[in-house]
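Residues in the sequence shown are numbered from 0 upward in steps of one, following numbering that gives the first Met the number 0. Worksheet: one structure, shown below.
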Amino acid sequence: MTVLALDIGATKFAAGVVQHGRKVRDVRQVDVPPESVWAACRDLLLEVAGDANITAVGIGSAGPVDVRTGTTGPLNIPEWKAGFAIVAAVQELFPTAAIRFAIDGACLALAEHHVGALRGVPDALAMTVSSGIGGGIIADGRVILGRTGNAGHIGHIVVPGWDVPCGCGGVGCVEAVASGMSSVRWAVEQGWRGETGAQLAKAAHSGDEIALAALHRAGTALGQAIASAAALLDVDRVVVGGGFARSGEPLWNPMRAALDKHARLNYLRELRVIPSRITHGATLVGAGVLAAGHATADDIV
0 MTVLALDIGA TKFAAGVVQH GRKVRDVRQV DVPPESVWAA CRDLLLEVAG DANITAVGIG
60 SAGPVDVRTG TTGPLNIPEW KAGFAIVAAV QELFPTAAIR FAIDGACLAL AEHHVGALRG
120 VPDALAMTVS SGIGGGIIAD GRVILGRTGN AGHIGHIVVP GWDVPCGCGG VGCVEAVASG
180 MSSVRWAVEQ GWRGETGAQL AKAAHSGDEI ALAALHRAGT ALGQAIASAA ALLDVDRVVV
240 GGGFARSGEP LWNPMRAALD KHARLNYLRE LRVIPSRITH GATLVGAGVL AAGHATADDI
300 V
């Protein structure tokens, strides 16, 4: 009996074998190709599965998703943007397996709630800041899915001051301003010559003025979005993970400054925003929790 976890990201697929319901081993990943996207995902799953009898697969996907129909439509995967029936495709691959599916933010929240910084915290928000920006809500000790499965998709909170076009079709979304991809794009437009969010963070730590400005811009927008979400949800804990979130003080200092400026209501006085302790693959860990059956009706609604 083997359980798999699959993470569908904006730029990469990752998959691994779930161990003891809360750890994922033998993790492998591939870049999302510009075409034949399902073929790349399928081959990755088959490689990880090997000759094992697959009894369950947990899928955490970049959004938007529709858990009612089992479809995913990540904004940064053009071939799937209109909607791809991921649950049916994986079910065809493993006909006898139980397929469990959620947006990546919900999986992130499950991971933080089971093994991360939100254990024992009944009301919180978990965020990922990477190529895109996502999130998951914990309310009364449960991860909230919402009507279509997209609850907590904080990347599309609109932040003031920037009318930047977003991949969703709107303008001013925090993902369009503060994600790793968006920050790199803005920095390049200002004359910076790097290519990745990691390079941008390194340049900022070296004192590059454009890189510092890009991270200040991103951190400010993140702080604004978190302040709005915290006021709406009445949470006192926000955990922020993801590759771009590990950019350090050039990102976190303006984020904290924006929180101090905007999170002013009395019930937000105890609000804490902290980095995730899950350093690699939080979405994959959450998909593993989902697949292993640990996310019951008491955990997710």
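Ideal Cβ placement from N, Cα and C applies to all residues, glycine included.
The beta strand (DSSP E) with residue i in it runs from where to where?
i	result
R255	It is not in any beta strand (DSSP E) - R255 instead sits in the alpha helix (DSSP H) that spans 248-261.
A13	11-18
D25	22-30
R41	Careful: R41 lies outside any beta strand (DSSP E), inside the alpha helix (DSSP H) at 36-48.
Which of the three DSSP states is assigned to residue i in this structure?
i	result
T282	helix
L144	coil
S130	coil
A296	Confidence at A296 is low in this model, with a pLDDT of 46, below 50, so the placement of that residue should be treated as unreliable; the coordinate-derived value is given next. In this structure, A296 counts as coil in the three-state DSSP scheme.
A87	helix
I277	coil
G95	Before going further, note that residue 95 is Thr rather than Gly in the sequence given. Correct three-state label for T95: coil.
P77	helix
I136	strand
What does the Cβ neighbour count give for residue i, buried or exposed, with the cut at 16 atoms within 10 Å?
i	result
H152	buried
G49	exposed
R216	buried
I273	exposed
R99	buried
R192	exposed
A291	buried
M0	exposed
D25	exposed
S205	exposed
H113	buried
Whole-angstrom Cβ separation of residue i and residue j, contact assumed at under 8 Å?
i	j	result
D103	D6	7 Å
A213	A257	A213 to A257, Cβ: 15 Å. No contact.
D233	L270	At roughly 10 Å, the Cβ-Cβ gap does not stay under 8 Å, so D233 and L270 are not in contact.
G160	E174	No, G160 and E174 are not in contact; Cβ-Cβ is about 15 Å, not under 8 Å.
Go to residue i, then tell me how far its alpha helix (DSSP H) extends in each direction, as first and last residue.
i	result
V176	173-177
L232	208-232
C109	Reading the sequence as shown, one finds Leu at residue 109 and not Cys. First-last of the alpha helix (DSSP H) with L109: 103-114.
query: Can you find at least 3 beta carbon pairs, one from the segment 107-126 and one from the segment 273-281, that sit closer than 8 Å?
result: yes
task: Could you tell me whether the segment 175-183 touches the segment 191-199, using the rule of 3 or more Cβ pairs below 8 Å?
output: yes
query: Can at least three beta-carbon pairs, one atom from the segment 78-89 and one from the segment 121-128, be found at a separation below 8 Å?
result: no
- request: Check whether the segment 242-258 touches the segment 126-141, counting contact only when three or more Cβ pairs, one atom from each stretch, lie closer than 8 Å.
  value: yes
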